[in-house]
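The block underneath contains the structure these notes are about, expressed in C-alpha cells.
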Amino acid sequence: MRILLLILFAASGCSALIYEIVWFQLLTLAIGSTAVSLAFLLAAFMGGLCIGSIGFARLRITGPPLRIYALLELGIGICGILVLAGIPVVGRVYVAAAAHGLPSMFLRGFIAALCMLPPTILMGASLPAIVRQLEGAPEAVSWWGFLYGGNTAGAVFGCLLAGYYLLRIYNTAIATYVAVAINLGVALVSFTVSRGPLGQALSAVNPEFSASRSRLPASILIAIGLSGATALGAEVVWTRLLGMMLGSTVYVFSVILAVFLTGLALGSAAGSWVARRTRNAALAL
812 MRILLLILFA ASGCSALIYE IVWFQLLTLA IGSTAVSLAF LLAAFMGGLC IGSIGFARLR
872 ITGPPLRIYA LLELGIGICG ILVLAGIPVV GRVYVAAAAH GLPSMFLRGF IAALCMLPPT
932 ILMGASLPAI VRQLEGAPEA VSWWGFLYGG NTAGAVFGCL LAGYYLLRIY NTAIATYVAV
992 AINLGVALVS FTVSRGPLGQ ALSAVNPEFS ASRSRLPASI LIAIGLSGAT ALGAEVVWTR
1052 LLGMMLGSTV YVFSVILAVF LTGLALGSAA GSWVARRTRN AALAL
C-alpha cells in the first residue's frame, strides 16, 4: 500500500522540476542568464524547500496527513499559475530599475525569492506530510529513503520532459499547465484515498516501532549542511562551464539537473539500503 505513496511522491517530484525548468527559462529572460542569476534561482528554490520542510515539521497540524498533502499539492498548483503570470511583471520592474553592480545583484536575489519561495515552501512541506503518514510503521526510516529516491526519480523525468519536450515543442505556459495538472491529480488521489479505508490502513501506527524524535548531533547537521552547500556550488559551476562549451540554454540546464538528480536518487536508494544494515549511521554518513 505504501507503493501508492511512492507513486504520488514521484509525480510530485516530476511537477516540481517542470516548474524549476520553466522558472529558469522565465527568470533568465527577466533578470539575465548569468551564473549569479542561476545561483539566486537555486538558492531560492532550495531555501524554500528547507523552510517548508523545517517549518512543517515544527508545526502541530492535526488531521489526516494525506489530506494535508493534498492541500499542499493544490497550493503548489495555484502558486505555479501565479508565478507564470508574475515573473514577466517583476521582470519589467527589474528592467525599469536599470540597476548595476551590487544593487543589481540584490534586486535579482529579491525577485528570485519573491517568485520562488511561496511554491517551494509548500513543496518542502510535502515530504514531512508524507512521512507523517508512515510514522510509527515498521522500517519507516528506510521507507523515507525510498520516498526521497522516488521523488528524485520523478524529478529527473520532469527535467527531461520539460527541457526536451514541453519547452521544445510548446512553451512555458503549456509546461506550467502540465505541472499544475499533475499537482491537481496528486491532490485528488491523495484526498480520495485519505477518506477511504486504504488511507486508514496506510496511517496505522504500530507503537512498538514509534519513530524517534531525538535531536541529531550538531556535527551531523553541520556535515549534511556542508555537503549540500558543496553540491549546489558544484551544480552552479558545472552549469556555467557546460554553458560556455554548449551554449547557455535551458537544454543544458535540464541535462545537468537530470544527471545531478539521478546521482541523488541512486545515492538515496543506496543510503536506504545501508541504513537497514548498519548500527553506526554517523560512520555511514
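For the sequence shown, my numbering begins at 812 and goes up steadily by one. Glycine included, each C-beta is placed from N, C-alpha and C at the ideal position.
Got a sec? Which residues, its chain only, sit under 7 Å from residue i by beta carbon, not counting five neighbours each side?
i: P929; result: C890
i: L838; result: S848, L852, I898, A923
i: A1069; result: V967, C970, L971
On the three-state DSSP scale, how would you describe residue i?
i: T963; result: helix
i: P1028; result: coil
i: T1041; result: helix
i: G1058; result: coil
i: P930; result: helix
i: L958; result: helix
i: P875; result: coil
i: G843; result: coil
i: R869; result: helix
i: Y976; result: helix
i: Y981; result: coil
i: G1007; result: coil
i: N994; result: helix
On the CB-based measure, 16 or more other CB atoms within 10 Å of its CB, does residue i come out buried or exposed?
i: I932; result: buried
i: S1005; result: buried
i: F917; result: exposed
i: N962; result: buried
i: V1061; result: buried
i: T1089; result: exposed
i: V904; result: exposed
i: P1028; result: exposed
Using beta-carbon positions only, say whether residue i and residue j come within less than 8 Å of one another.
i: S1001; j: A1095; result: no
i: N994; j: I887; result: yes
i: A998; j: E831; result: no
i: L925; j: V901; result: yes
i: P939; j: S823; result: no
i: Q836; j: T1003; result: no
Got a sec? Which residues, its chain only, sit under 6 Å from residue i by beta carbon, not counting five neighbours each side?
i: A850; result: V1047
**Message:** Please give me, in chain order, every unbroken run of the alpha helix (DSSP H) with length at least 4 that falls completely inside the region 876-921.
**Reply:** 876-908
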